[in-house]
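First comes the structure, then the notes that go with it.
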Amino acid sequence: MKFTVLALEEALGLPLAHDLTQIDVEKGYKGARFRRGHIVTEADLETLRSMGREHLTLMELGPDEVHEDDAALRLAPVVRGRGVETRGPREGKCVLVATGDGLLEYDEKAVESLNGQGQWIFATLPRHSPVRRGEQVAAFRILPLCVADEEVRRAEKTGRPIDVLPFRPLEVGLVTTGREIAQGRIKDAFGPKLERKVTALGGRLRGQRIVGDDREAIAEAIGAFLDEGADLVVCTGGMSVDADDLTPEAIRSVADEVLFRGVPALPGSMLMLATKGMAFVVGAPACVVHDERTTLDPLLQLLFAGVRPTEREIRLWGVGGLCRHCPVCVYPDCSFAARP
Ligand SMILES: Nc1nc2c(c(=O)[nH]1)N[C@H]1C(S)=C(S)[C@@H](COP(=O)(O)OP(=O)(O)OC[C@H]3O[C@@H](n4cnc5c(N)ncnc54)[C@H](O)[C@@H]3O)O[C@H]1N2
Ligand code: MOO
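Counting from 1 along the sequence shown, just add 30 to a position and that's the residue number in the numbering used here.
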């Protein structure tokens, strides 16, 4: 690459080699004030001086060199997965934006490897964040003004897509356990809470069965929802260590496979997940009725996005898996909402 540095007046009539950034703190503006290729005119000189420019760079690329914007345009389709669109480049940077609500999914090792190259940086929201349509989920920037074509080609081969998996409209059955609720001694607090969570993810609560602390009755209620075609059955209460806590046994008796029982995160450590055919059965501890957010929330996000969590992923929930109990809950903008 050949650079020629010119005084502003000498650059009149010549095209800019790259976007020029202006930051105006008073007006709260930051952006590309002049774009690459803009022909410098007399009228621009005062603005350029106010941006601190006394010189401009002319650039001639070598045959095996790629301009920052062109490199960004080549990397964009590599990392743009399902449910994501790219915007830019501006000032050498592209942003990835969700085209619908869903769960952010990508290979962390692929992001780490792209960032190991040194010529560009990739920054993402945490993997498995729930995101909204129009939200920025990742961005990348080419660091120097031009990069070697060979490096871009290597990244084109090794880069992996960043996806936003849409939430599926699951049909959910709710089995509420506990003698005190079945007998009307206390009012159920779980039904309305779960309905809100399910509806927020685009699903439907198809019904609620309230049963006592009886293993067979709980198993029957789960089975009935599965027979009716529920995609997901959530059971609540009776998940702990008391003599009357029979929900885990009931789930076991119905399920094909128990994926986990107990997760390294709080609140909600007594969470359980099992499968029956294509359907899932969740055992949710009673803290869900008390706390704003528990492990049930990230689990529902995964299940609605069609992600079957692996044992290793669940073990990693412990990293960042302690809820801060903020005075005003900021979920999902916290480590509790999205962990490796
Ligand atoms: N010694 C130990 N104690 C506890 C452990 C433990 O490991 N050792 N685990 C704790 C955890 S973690 C949780 S969470 C709680 C609750 O566990 P359970 O799921 O077994 O909850 P229950 O015993 O069924 O009920 C507790 C409490 O919540 C009320 N409840 C239950 N369901 C509803 C509902 N649908 N609506 C309103 N209120 C409900 C229930 O009446 C009880 O008062 O245990 C810790 N303890
Ligand atoms: O399932 Mo329990 O919170 O960990 O309260």
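Cβ coordinates follow ideal geometry from the N, Cα and C atoms, glycine included.
A distance below 6 Å between beta-carbons, with the five flanking residues on each side excluded, links ALA280 to the following residues of its chain, in chain order: ARG245, ILE248, ALA249. In this structure, DSSP gives LEU173 a state outside helix and strand, which the three-state scheme calls coil. For GLU181, the CB contacts under 6 Å within the same chain, skipping 5 residues up- and downstream, are GLN149 in chain order. Per DSSP, ASP74 lies in no beta strand (DSSP E) and is assigned neither H nor E. Taking C-alpha positions only, GLY221 is separated from GLY267 by approximately 12 Å. The count of Cβ pairs closer than 8 Å, one atom from the stretch 163-183 and one from the stretch 198-215, stays below three, leaving the stretches out of contact. Closest in alpha carbon position to ILE344, among LEU329, ARG354, PHE334, is LEU329. Take the alpha-carbon of GLY118 and the one of GLU186: they are about 18 Å apart. Fewer than three pairs of CB atoms, one per stretch, sit closer than 8 Å, so the stretch 304-320 makes no contact with the stretch 104-116.
Taking a 10 Å sphere around the C-beta of PRO278, we find 16 or more other C-beta atoms and assign the residue as buried. Across the set GLY58, GLN238, GLU56, ARG65, the C-alpha of ARG65 shows the shortest separation from the C-alpha of LEU44.
For the pair PHE255 and GLY232, the CB atoms are not nearer than the 8 Å cut-off. ARG236 and ALA128 have their C-alpha atoms roughly 29 Å apart.
Residue pairing for PHE33: DSSP places it in a beta bridge opposite MET89. When distances are taken from the beta-carbon of ASP244 to the heavy atoms of ligand 1, even the shortest one reaches 7 Å or more. Distance between ASP243 and ASP274, taken at the CA atoms: about 6 Å. The shortest C-alpha to C-alpha distance from ALA102 to any of LYS123, PRO93, GLU90 is the one to LYS123.
Secondary structure at ILE211: helix, using DSSP grouped into helix, strand and coil. Here DSSP, grouped into helix, strand and coil, assigns VAL96 to strand. For GLU225, the uninterrupted alpha helix (DSSP H) run begins and ends at 220-230, by DSSP.
Scanning its chain for C-beta atoms nearer than 8 Å, with the 5 sequence neighbours on each side dropped, one finds around ARG63 the residues LEU50, THR51, GLN52, THR77, MET81, in chain order. Look at VAL109 here: in three-state DSSP terms it is helix.
One Cα belongs to PHE152, the other to GLU115, and the distance between them is close to 15 Å.
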